[in-house]
Each structure stands twice: as structure tokens, then as C-alpha cells.
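Notes follow the structure.
Number of protein chains: 2
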Amino acid sequence: MSRPREFEIDVAIEKAMNVFWTHGYDGTKLPDLLNGMGIARGSLYKAFGSKKELFLRALDLYDHKHVQPAVIILKDGNVPGDVRISNVFAGALKPAGTGDRRGCLLCNTAASTSSEDPEVALIVNNQLDRMTKAFAVALADTTAFSGLSERERMAEANNLTLQYVGLRVMTRGGQELKALESATDQTLSRLR
Amino acid sequence: MSRPREFEIDVAIEKAMNVFWTHGYDGTKLPDLLNGMGIARGSLYKAFGSKKELFLRALDLYDHKHVQPAVIILKDGNVPGDVRISNVFAGALKPAGTGDRRGCLLCNTAASTSSEDPEVALIVNNQLDRMTKAFAVALADTTAFSGLSERERMAEANNLTLQYVGLRVMTRGGQELKALESATDQTLSRLR
DNA sequence: TGAGTTATTGACCATATGGTTCCCTATATA
DNA sequence: TATATAGGGAACCATATGGTCAATAACTCA
């Protein structure tokens with residue numbers, strides 16, 4: 260019987276996710292990860308194989324913890340569509356209100372050189388596409404947009420994803436909270 | 260009388276700008292710059308002092324070559340406001356149509372760890388703010404928005420900047436051209 | 001021609017980087 | 001108690017990184 264692992268894989272991945280979120284992939288160095296995860300170099304390699312594999316695992320966890328919950332909100336048939344969309348944008352705005360300017364791991368990654376890697380691009384675009392589809396579901400349940408054709412609804416959903424990404428990046432870039440809020444107000448005023 | 264420089268500073272900065280645009284700041288290594296600029300290590304340091312100083316110069320050049328021309332388009336009083344905005348978004352979409360997925364140095368930088376550096380953040384937000392103000396000027400000349408209060412117009416302008424940034428990042432992230440086009444069509448259809 | 005001044009260059013420098021290795025350790029089982 | 005197995009950890013490894021340095025070169029001027 261072998262020696263049991265002293266850390267939980269899932270806990271370690273989440274810690275790594277937070278380090279990558281703060282520093283980006285290129286800016287995150289092994290010492291950053293080791294400190295952030297509280298494990299040694301050999302343990303990291305034994306458990307995850309490489310920095311890149313760990314990054315892919317972190318992106319999947321981000322999906323699970325941040326993207327998929329937004330998708331679920333957008334698809335919740337018990338709430339009016341515009342309220343669902345409003346809630347998701349409020350969720351994106353909220354961190355800026357408390358000084359958290361990390362933006363969104365998905366959007367930061369989309370804007371980085373990492374997105375040139377096929378495996379990363381696949382994950383990034385899968386997440387973006389699922390958000391778009393979920394926006395479309397919410398729009399179908401939004402009175403002002405319920406009469407749209409499928410094609411028009413997808414176009415509007417693409418535009419909402421684009422606005423969501425823009426909001427996240429402008430948050431990361433340091434734009435003033437008031438500017439973010441007023442921009443978002445315009446997004447949401449069109450849903451009513 | 261001292262030895263004349265063999266390269267033009269402005270030409271070298273532009274070459275560096277293109278390297279940073281492709282690889283981001285963290286992902287760009289000295290050999291990338293040396294190859295892209297066609298000069299030696301010592302020459303680069305003599306002329307620019309450090310990698311970061313060169314990056315700041317590259318950001319300023321990007322402003323001059325890509326941001327300021329957009330601002331000028333948006334402020335051109337001889338063209339209807341909605342056409343001006345449409346032209347700027349078309350300019351952002353165009354590279355994707357030809358396979359150029361670098362996005363926009365400004366937006367990529369906003370989403371990266373570089374934006375945590377005060378000097379970088381200052382330049383990034385100056386550029387974003389100027390675009391917003393220019394969008395506001397164009398909106399004032401757009402029939403559908405000409406009756407807005409100053410405050411409402413600024414909110415709409417903030418939203419246009421947010422959409423512009425989102426478009427650039429989604430381009431970089433690898434989203435399908437059709438999705439980018441349809442999202443942009445929605446943006447522009449609201450101006451008419 | 002020599003001097004003064006700055007540019008070019010590539011070797012060098014002191015760390016930093018992602019990954020490897022091997023000794024030691026923790027566990028269950030026979 | 002010995003064995004098998006996988007985990008922990010820190011030293012090690014082979015390059016890579018941003019920056020430095022000293023020899024050489026390009027120019028004008030006296």
C-alpha cells in the first residue's frame with residue numbers, strides 16, 4: 260500500500276487557478292504556483308505532469324465554478340429572462356465594486372497568447388459558445404426579444420457575450436467603476 | 260562627432276510593437292525582439308534602456324497608429340455619426356476576415372498582468388477613455404441618439420467602448436467570424 | 001593622424017525557468 | 001519485520017532570461 264497524498268487534488272487545482280487568474284499563464288512562474296498551492300516542486304509534477312496540464316485543469320475548474328453557474332442562471336426557467344441576464348452581468352460587475360480587478364480567467368486567457376494553443380483555444384471557445392447559447396435561452400424568455408427568429412436571437416446572444424467579455428476586460432484594465440456600471444446599465448436597459 | 264545610429268528609432272519601435280502585439284509583454288522574450296527588430300542586444304538597450312521602456316514606447320506608437328486614427332474617424336463632423344461608428348467597428352472586424360487574429364494591442368494589454376503596472380495602466384486607460392469620448396462625439400451626431408442628455412450619451416459611449424473591447428478580445432480568442440459579424444451587426448443596428 | 005564621442009556587437013553575467021532525480025517517508029499487507 | 005507502492009522534497013539540471021560590459025567601429029574635427 261502506497262503513501263497517501265497529503266493534499267487534495269481539487270483543492271490544489273483551485274489554488275493554482277487563483278494564481279493563474281492573477282498572473283496569467285506566461286506571467287505565472289513555478290515558484291508562484293508552489294507558494295500559492297503550498298506544495299513542493301516534485302509533488303506538483305507528480306500530480307499534474309506539467310505547468311500546462313495544470314493550467315488546462317485550472318481552466319476546467321474555472322468553467323465548473325464560474326462559467327457553468329452563469330449558464331445555469333441564464334437557463335433557469337423559473338425566473339424572467341431579462342432578470343437572468345441582469346443577474347449574470349451584476350455578477351460580473353460585483354468584483355470591481357469590492358476592488359477585485361482580476362477580471363475573468365476565461366476572458367483574460369482569450370486575450371492572451373495562450374489562446375494560440377489549440378488545446379487552450381478549444382476550452383476557451385467552448386466556454387464562450389456555451390455562454391452564448393445560454394444567453395440565447397434567456398433571450399427566448401425575455402418579453403422584448405421573444406418574437407425574434409432563431410437567427411436574430413443568436414445574433415443578440417453573440418452581442419451579449421461580446422458585451423460580457425468587454426465588461427470583464429475593462430474591469431481588468433482598470434476602468435472606473437462608474438464607467439463600468441453605466442455601460443452595463445445600457446446593456447440591461449435594452450432588455451426591458 | 261559620434262557614430263550615427265544604423266537603424267531608425269521609429270522603425271525599430273514599430274517592429275517591436277508588432278512583436279509585443281503577437282506575443283504579449285510576458286510572452287515576448289528578448290530574442291523575439293532582437294529577431295523582430297533586426298538589431299543586437301546592446302543596441303536595443305542603448306536605444307531604449309529596458310524591455311519595459313520599449314513596451315511603453317510601443318503602446319504609444321499603437322495609440323498613434325491605431326487608436327488616434329479611430330478617434331479622428333469618430334470625430335469627423337463631415338460624416339453622419341452612425342456611419343463613423345460603423346466604420347470603426349468595421350475596422351476592428353476586418354483583420355479577422357483576413358485571418359489576422361492578433362486582436363488589439365490595447366485590449367490585449369488591458370486583459371493582461373501588464374495592466375497592473377501603474378505606467379501601463381495609465382496609458383491603457385487614457386486610450387480607452389479617449390475612445391469613449393470620441394464615441395460620445397459620434398453619438399451626438401447620430402440621429403437616433405442626438406436627443407440624449409450628456410450623462411446618457413456618456414453611458415452609451417461607455418457601452419460602445421465595452422463592445423469594441425469585447426469584439427477585439429473575442430477575435431483574439433478565436434471566435435468564429437460569423438459570430439463576430441452577427442454580434443457587430445446588433446451593435447450597429449441600434450444606431451439606426 | 002589622433003582625439004572625442006557615441007554606436008554596434010556578442011560574449012558574459014547573475015539569476016530565473018520548467019522539469020528531473022533520487023533519497024527518504026508513509027501506508028497497508030503478508 | 002519485510003515488501004511493495006506511491007508521495008514528499010530539495011538539490012540538481014540544462015537552458016533561458018533581462019541586462020551588462022569591453023573591444024571594436026563609425027563619424028567629425030583640429
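Protein chains in written order, with our numbering: chain L, 260 to 451; chain P, 260 to 451.
Beta carbons are placed, not taken as given, at the ideal position from N, Cα and C, and that holds for glycine.
Cβ pair count under 8 Å reaching 3, the region 432–440 of chain P against the region 268–284 of chain P: no
Environment of L/ASP341 [buried if 16+ CB atoms lie within 10 Å]: buried
Cα-Cα separation, P/LEU407 to L/THR372: 40 Å
Own chain, CB closer than 7 Å to L/HIS282, minus 5 neighbours either side, in chain order: ASP291
Cβ pair L/GLY425, P/GLN445 closer than 8 Å: no
Interface residues of chain L facing P/MET429 [CB-CB closer than 8 Å]: ALA369, LEU387, THR420, LEU421, VAL424
Rounded separation between P/ASN277 and L/THR287 - CA only: 23 Å
Separation of L/ASN294 from L/ARG451, as counted between CA atoms: 47 Å
Neighbour-count burial assignment, P/ILE331, 16 or more Cβ in a 10 Å radius: exposed
Backbone CA spacing between P/ASP322 and L/ALA306 [nearest angstrom]: 45 Å
Identity of the residue in P/MET390, P/ARG361, P/ALA399, P/THR420 nearest P/PHE279 by Cα: P/ARG361
Under 8 Å by beta carbon: chain P residues contacting L/GLU409: What L/GLU409 touches in chain P: nothing, since even the nearest Cβ is about 12 Å away.
Option nearest P/THR401 by Cα separation, candidates P/PRO377, P/ALA380, P/ARG412, P/PRO339: P/PRO339
Contact list for L/ASN294 against chain P, beta-carbon separation under 8 Å: Chain P residues near L/ASN294: none, gap ~16 Å exceeds 8 Å.
L/VAL396 to L/ALA403 span [Cα, whole Å]: 13 Å
Residue-level contact to chain P via CB, L/SER441, 8 Å cutoff: yes
Any non-hydrogen atom of the ligand SAM closer than 7 Å to L/LEU421 Cβ: Of the ligands one can find in the structure shown there are none, so the ligand SAM has no counterpart to examine.
Span of the alpha helix (DSSP H), counted from its first residue to its last, around P/VAL396: 377–399
N- and C-terminal bounds of the alpha helix (DSSP H) containing L/VAL326: First-last for L/VAL326: undefined, no H or E at that position.
Cβ pair L/ASN367, L/THR391 closer than 8 Å: no
Element boundaries [alpha helix (DSSP H), containing P/GLY286]: 268–286
Chain-ordered residues of the region 348–359 of chain P with a beta carbon less than 8 Å from chain L: none
Supposed contact pair L/ALA329 and L/GLY356 - C-beta distance, whole angstroms, cut 8 Å: Rounded, the Cβ-Cβ distance is 18 Å, inconsistent with contact.
Below-8 Å beta-carbon distance, L/VAL396 vs any chain P residue: no
CB contact flag (L/LEU365, L/GLN386, <8 Å): yes
Residues near L/LEU320 in its chain [Cβ-Cβ closer than 7 Å; skip 5 each side]: ILE272, GLU273, MET276
Distance CB(L/LEU318)-CB(L/ILE268) smaller than 8 Å: no
The region 275–302 of chain P: positions lying closer than 7 Å to chain L by Cβ: HIS282, GLY283, ASP285, GLY286
Own chain partners of P/LEU333 with C-beta closer than 8 Å, once the 5 adjacent residues on each side are dropped: ARG343, ILE344, VAL347, MET390, ALA393, PHE394, VAL396, ALA397
8 Å Cβ cutoff, P/MET341 in contact with chain L: A quick correction: the sequence has Asp, not Met, at residue 341 of chain P. Judged by the 8 Å Cβ criterion, P/ASP341 is not in contact with chain L.
Buried/exposed call for P/LEU419, threshold 16 Cβ in 10 Å: buried
Anticipated Cβ contact below 8 Å, L/SER441 with P/MET413, distance rounded: 7 Å
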